[in-house]
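Chains as they are written, first to last, in the UniProt record's numbering: chain A, 1 to 229; chain B, 1 to 229. The beta carbon of each residue, even a glycine, is placed where N, CA and C say it ideally should be. Quick caveat, the model's predicted, so the values are computed rather than measured.
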DNA sequence: TCTACTTGGAGAGCACTGCTCTTTCCCGAG
DNA sequence: CTCGGGAAAGAGCAGTGCTCTCCAAGTAGA
C-alpha cells in the first residue's frame with residue numbers, strides 16, 4: 001500500500017508545487033498568468049500540466065480556494081491571539097489587522113479574491129464555505145458581544161434588509177439581532193474597502209499614514225457597531 | 001483650412017469609434033480585451049489600430065480616463081440635481097446613489113477603475129485629476145456643511161493622520177477641519193466598498209435587498225459624518 | 001496644377017498564449 | 001514478469017500584442 005500511495009503522494013506534491021509556482025507568477029502577472037510560463041519554470045512542458053489541472057481556470061480556482069482559506073486562517077488566528085476572550089474590542093481590531101496584514105503580505109492573492117471578477121469565470125459552490133470564514137470570525141465577536149449583554153443598536157431597518165439579516169443570522173449566528181448584523185456587515189464592508197483602497201492604489205498621494213488611518217477607521221467602526229472600549 | 005481639419009476630424013471620430021468598440025468588448029472580456037478583436041469588429045486590420053493608440057495599455061488608459069470623467073460627471077450631476085442647495089444630507093445621498101447607478105450601468109468600466117490593478121500598468125499623472133472629481137464632489141458637501149455652521153466631529157486624530165488630512169485640505173478644500181475630512185474619507189471608502197461588494201459578487205446569497213441596504217448604509221454614513229437630517 | 005510629403009491602411013511575420021491530440025515511457029499491481 | 005494506466009513530451013491549431021515594410025490617398029507648397 002505504501003507503493004500505491006507513493007504515486008498519490010508524488011501527485012499531491014506535484015500539485016502543490018504547481019500551485020506554489022503559479023502563486024509566484026500571480027505576483028507579477030496577476031490573474032492572467034501563463035500556464036506555459038509556470039510549466040517552463042518547473043522544467044516541464046505545458047501539456048504535462050494539464051494532467052493536474054484541466055484548465056487555467058481550474059488552477060485559478062484552486063488558488064482562490066487556498067487564498068480564501070489562508071485569509072480565513074489569518075483572521076481566526078487574529079481572533080484567538082487575544083487571550084482575554086472578554087476583550088471584544090481588542091478581538092475585533094485584531095481580526096481587522098490580521099486581514100490587512102495578510103492582504104499586504106499577499107496582495108495579488110487578495111486581488112484575486114476581492115478585485116475585479118475574472119471574465120467568464122464563475123466561482124464554484126465549494127469556494128463559498130471558505131469565503132465565509134473571515135466574515136464568520138467577525139460575526140463570532142458580535143455573538144460574544146450579545147452574550148455578554150452589551151446593548152445593541154436600535155436602527156430602524158427597512159423590512160427587506162431586516163429579512164436579509166434574519167436569513168443571514170439563521171445560517172450562521174443564532175441570537176444576534178438584525179440591527180447588529182446590519183452594522184456588522186457595514187463594518188466588514190468598511191474593512192474590505194479600506195484594505196482595497198490601500199492595496200489598489202487609491203490612497204496614493206492622499207493618505208501616507210496607512211497603518212494609523214486604518215486603525216482610526218476600524219476603531220470608529222467598532223464603536224459604531226457598539227463594541228465598548 | 002476646412003480640408004486640413006477634415007483629416008483631424010476624421011481622426012477624432014475614428015478614435016472615438018475605437019474607444020466605443022473597445023468599451024463594448026470591455027463588458028465581455030474585461031481588462032484583457034483583444035486589440036485584434038476590436039479591429040476586426042471595425043472591419044480593419046489590427047496594425048491599422050496602432051496609428052491611433054501606440055499600445056493596448058494606451059487604449060486602456062484612454063478608457064480609464066473617460067471612465068473617471070464619466071463617473072465624475074455622474075457624481076456632480078447627482079449633486080446638482082438637488083435644487084435646494086441647503087439640503088446637505090439629500091445632496092450627499094444623491095451623490096452616493098449617482099455613483100452606484102453609474103457603476104451598475106457600467107460595471108466593467110467601474111471594475112477598470114476600482115478593481116484589481118492591471119499588472120505592469122501604471123496610471124499616468126493625467127488620470128489623477130479626473131479621478132479626484134468624484135471625491136471632490138463629496139468634499140464640496142462637507143465644505144457647505146462647515147459654512148452652514150453645522151458642528152463637526154471631535155475625534156482625536158493621530159498626528160500622522162492629522163497631517164495627511166491637513167495636506168488633503170490644503171490641496172482641495174480650505175476651511176474643513178481635519179476631523180471632518182477624516183470621517184468624510186471614511187464615507188467615501190464605505191461608498192466604494194458597498195458598490196464594489198455588490199458589483200464584484202460578494203453580496204451574492206447574502207443580501208438581496210441591494211438598493212435598500214445601500215441606502216441604509218449611506219444614511220448611516222451621513223449621520224456619522226455629522227450631516228443633520 | 002503639379003509635385004513633395006505626410007498619413008492611414010494592409011499584410012506578412014515574430015514570439016507568445018491556452019488547449020488538444022498522439023506518441024512514448026515507466027511505475028506498480030496482478 | 002507481464003501489461004495496463006498514469007505521466008511526460010512534442011507537434012499542431014487558433015489566437016494574441018506588436019513591428020516592419022509597402023502602398024494608396026489626402027495635404028500643403030510652388
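Close beta carbons around residue i, own chain, < 8 Å, minus the five adjacent residues each side
{"i": "residue 22 of chain B", "result": "33, 38, 59 and 63"}
{"i": "residue 19 of chain B", "result": "59, 62, 63 and 66"}
{"i": "residue 154 of chain A", "result": "179"}
{"i": "residue 25 of chain B", "result": "33, 34, 37, 38 and 41"}
{"i": "residue 151 of chain A", "result": "226"}
{"i": "residue 84 of chain B", "result": "90"}
{"i": "residue 166 of chain A", "result": "178"}
First through last residue of the alpha helix (DSSP H) which encompasses residue i
{"i": "residue 235 of chain A", "result": "Within the shown structure, residues of chain A are numbered from 1 to 229, placing residue 235 of chain A beyond reach of any answer."}
{"i": "residue 217 of chain B", "result": "210-225"}
{"i": "residue 108 of chain B", "result": "107-114"}
{"i": "residue 147 of chain A", "result": "133-147"}
{"i": "residue 158 of chain A", "result": "No alpha helix (DSSP H) contains residue 158 of chain A, which DSSP labels as neither H nor E."}
Own chain residues within Cβ distance below 6 Å of residue i, not counting five before or after
{"i": "residue 207 of chain A", "result": "213"}
{"i": "residue 71 of chain A", "result": "102 and 134"}
{"i": "residue 3 of chain A", "result": "Unreliable placement is indicated for residue 3 of chain A, whose pLDDT of 36 sits below 50; the coordinate value is still reported in the next sentence. Hits under 6 Å: none found."}
{"i": "residue 203 of chain A", "result": "197"}
{"i": "residue 53 of chain A", "result": "59"}
{"i": "residue 56 of chain B", "result": "35"}
{"i": "residue 1 of chain A", "result": "Note on residue 1 of chain A: pLDDT 37, under 50, position unreliable in the model; the coordinate value appears next. Nothing listed; no residue qualifies."}
{"i": "residue 107 of chain A", "result": "199"}
{"i": "residue 221 of chain A", "result": "187 and 190"}
Spatial neighbours of residue i in its chain, beta-carbon cut-off 7 Å, leaving aside the 5 residues before and after
{"i": "residue 130 of chain A", "result": "65, 68, 69 and 72"}
{"i": "residue 234 of chain A", "result": "Outside the modelled stretch of chain A, which goes from 1 to 229, sits residue 234 of chain A, for which no answer is possible."}
{"i": "residue 168 of chain A", "result": "181"}
{"i": "residue 100 of chain B", "result": "195 and 214"}
{"i": "residue 46 of chain B", "result": "35, 36 and 39"}
{"i": "residue 229 of chain B", "result": "89"}
{"i": "residue 27 of chain B", "result": "108"}
Count Cβ pairs between the region 192-203 of chain A and the region 101-114 of chain A that sit closer than 8 Å; are there 3 or more? yes
Give the residues from the region 196-210 of chain A that approach chain B closer than 8 Å (Cβ to any Cβ), ordered along the chain. 196, 197, 200, 201, 202, 205, 206, 207, 208 and 209
Closer than 8 Å between beta carbons: that is the criterion. Which residues of the region 22-36 of chain A meet it against chain B? 28, 29, 30, 31 and 32
Cβ pair count under 8 Å reaching 3, the region 75-87 of chain B against the region 115-126 of chain B: no
Members of the region 161-185 of chain B near chain A, C-beta cut-off 7 Å: 161, 164, 168 and 182
Using a Cβ distance threshold of 8 Å, determine whether the region 134-146 of chain A contacts the region 92-106 of chain A, with at least three qualifying pairs required. yes
Would you check if the region 181-190 of chain A and the region 158-177 of chain B touch, i.e. whether three or more CB-CB distances between them fall below 8 Å? no
Only counting runs of 4 or more residues, tell me where the alpha helix (DSSP H) segments fall wholly within the region 35-96 of chain A, in order along the chain. 35-41, 46-49 and 56-80
The region 148-161 of chain A / the region 8-17 of chain B touching (three or more Cβ pairs under 8 Å): no
Residues, ordered as in the chain, of the region 39-60 of chain A that lie near chain B by beta-carbon distance below 9 Å: none
Interfacial residues, the region 60-80 of chain B to chain A, with Cβ spacing under 7 Å: none
Near-chain B residues of the region 141-156 of chain A (beta-carbon distance less than 8 Å), N- to C-terminal order: 155
So if I threshold CB-CB distances at 9 Å, which residues from the region 88-101 of chain B count as touching chain A? Hits within the stretch: zero.
Return the residues of the region 212-224 of chain A that lie within a Cβ-Cβ distance of less than 8 Å from chain B, sorted by chain order. 212, 213, 215, 216, 217, 220 and 224
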